[in-house]
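Novice: I'd like to ask you about the structure that follows.
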Amino acid sequence: MAEEKNPFQTAQAQFDKSADILGLPEDIREMLRWPMREFHFRIPVRTEDGAIKVFQGFRVQHSDARGPSKGGIRFHPNETIDTVRALAMWMTWKCAVADIPLGGGKGGVIVNPASLTPVEKERLCRGWVDQMWHNIGPRMDVPAPDVGTTPQMMAWMMDEYTKLQGQYVPGVFTGKPVDMGGSLGRTEATGFGVIFTVREAMKHLGLNPSQCTAAIQGFGNVAQYAAIGFRDLLGGKVVCVSCYDLADRCPYTYSHPDGVDPRFLQSITDQYGTIDRAKAEAAGYVIEDAMAWIDKDVDVLIPAALEDMITAETAPRIHKNVKIIAEGANGPTTLEGDEVIKSRGIFLIPDFLCNAGGVTTSYFEGVQNDMNYYWAREEVVERLDQKMTVAFHGVLDMAQQHKVYMRDAAYLVAVDRVVRAMRLRGWV
Ligand code: GLU
34 MAEEKNPFQT AQAQFDKSAD ILGLPEDIRE MLRWPMREFH FRIPVRTEDG
84 AIKVFQGFRV QHSDARGPSK GGIRFHPNET IDTVRALAMW MTWKCAVADI
134 PLGGGKGGVI VNPASLTPVE KERLCRGWVD QMWHNIGPRM DVPAPDVGTT
184 PQMMAWMMDE YTKLQGQYVP GVFTGKPVDM GGSLGRTEAT GFGVIFTVRE
234 AMKHLGLNPS QCTAAIQGFG NVAQYAAIGF RDLLGGKVVC VSCYDLADRC
284 PYTYSHPDGV DPRFLQSITD QYGTIDRAKA EAAGYVIEDA MAWIDKDVDV
334 LIPAALEDMI TAETAPRIHK NVKIIAEGAN GPTTLEGDEV IKSRGIFLIP
384 DFLCNAGGVT TSYFEGVQND MNYYWAREEV VERLDQKMTV AFHGVLDMAQ
434 QHKVYMRDAA YLVAVDRVVR AMRLRGWV
């Protein structure tokens, strides 16, 4: 069996395929196969006991053809430059498919955030900005939260940037707390966006949402609000979620015979996303191994954790009754995993379409920061629903017209939009 590729090789292979279908010339491929710009830097942080710890930081700006680069910053112990490159490239396609006027970028720090005290976390956030502030900004590159980073961290980063600039610049980071320039509806935006696309997919397949079940991988921000949305917006039943257990250093799947109650699970989840096992067991939850979510007899699978989960090895375990896979995570499926999904005829909502709700609401946040006027939550959620629905049908139409897999269709829509911007700007 061929060796599975790293996330950046996967992202490049996916792009190459769409470039072939679109018949893109070599110059355009050369520009889009690689990030436009990358920053690698060291961040010294004074720990609370007075020592200096040095962290490795990254920011990758893949493309700003359609507008300022946009994308989160991950704090993760296994971060690599190739993961950040892949995620940056996917952000370019994500903003294009959602049709928001932004490009793609991503940042990271190799760190386990749970190993830092709050003071050290703040110093690391400010240190990241001290290294990057000349190369970010509302008209240049706008970071946001992602795995391991939070709204509070965005507030510290925005504050550091504001101090360095000598003027208040809220729009340099999005995903800020609502009390500090954030947008109502941003916290739930990615998970709800996933559910809006699932709703449209169900309509397309003729499924009744209230009779549908879902298995969700993860219990971070995306998974939590996908679970709440699946239950409360669609009226469906969530059979399980999974989450990383910090003490045991491995993930578990939590299922409940009556369906999980995501609000209850949220109430027993700590700040690092670990569910309190004892409390869950006392409430009747069954705790299974990490990948048990993938075997479940459900209608919808929502991988909403990290990349490389649906692989040559795990994809054959997907239950025959699964009709929709909604990729809440970025890059959860490898190229080999995709082949299995395709051959089984499962309807796929590809990652950069499915999880575009977060960045779309980040865009709304930036618009509100620019106007210095803030919308009600209903207005944000309604605009998000509209954007996600239009994006979903744009991709579905492309898939039907050209009889291609939904991931390929999403690429065709996104790459074409980016290439059009490059041509209009006279770059190629
Ligand atoms: N980190 C999120 C993503 O992967 C949101 C990015 C943003 O809001 O800029 O889409």
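Positions in the sequence shown are counted from 1; adding 33 to them yields my numbering. Beta carbons: idealized from backbone N, C-alpha and C, even for Gly. Remember, it's a predicted structure, so these values are computed and weren't measured experimentally.
1. D303 to V319, Cα distance in whole Å?
2. Cutting at 6 Å between CB atoms, please list the residues of its own chain near L266, excluding the five before and the five after it.
3. Quick check on the DSSP output: the alpha helix (DSSP H) that includes D278 runs from which residue to which?
4. Is it buried or exposed, K196, if we count other Cβ atoms within 10 angstroms and call 16 or more buried?
5. Following the continuous beta strand (DSSP E) through S96, name the residue where it begins and the one where it ends.
6. Within a Cβ cutoff of 6 Å, which residues of the same chain sit near L240, ignoring the five residues on either side of it in sequence?
7. How many Å lie between E415 and V446 at the Cα?
8. What does a CB cutoff of less than 6 Å around K270 pick up in its chain, not counting 5 residues either side in sequence?
9. Are I114 and F91 close, meaning C-beta to C-beta below 8 Å?
10. Could you tell me whether the region 178–191 touches the region 122–132, using the rule of 3 or more Cβ pairs below 8 Å?
11. Please state whether the Cβ-Cβ distance between A362 and A345 is less than 8 Å.
12. Less than 6 Å between C-beta atoms, sequence neighbours within five positions excluded: which residues of the same chain meet that for V331?
13. Below 8 Å on the Cβ atoms is my guess for A30 versus A359; work out the distance and round it to an integer in Å.
14. Taking contact to mean 3 or more Cβ pairs, one atom from each stretch, closer than 8 Å, check whether the region 307–314 and the region 271–288 are in contact.
15. With K236 as the anchor, note down where its beta strand (DSSP E) starts and where it stops.
16. Name the DSSP beta bridge partners of V175, please?
17. From E112 to P365, what does the alpha carbon distance come to, in whole angstroms?
18. Just tell me which of A325, K329, P295, Y287 has its CA closest to the CA of A311.
Specialist: Quick look at the numbers:
1. 19 Å
2. Here the set comprises I228.
3. No alpha helix (DSSP H) contains D278, which is instead part of the beta strand (DSSP E) from 270–278.
4. exposed
5. 85–96
6. none
7. 23 Å
8. Within the same chain, K270 has close Cβ partners T246, G292.
9. yes
10. no
11. no
12. T246, A247, A248, V272
13. Because the chain in this structure spans residues 34 to 461, residue 30 falls outside the shown range and cannot be described.
14. yes
15. Element bounds for K236: not the beta strand (DSSP E) but the alpha helix (DSSP H), 219–238.
16. K103
17. 15 Å
18. Y287
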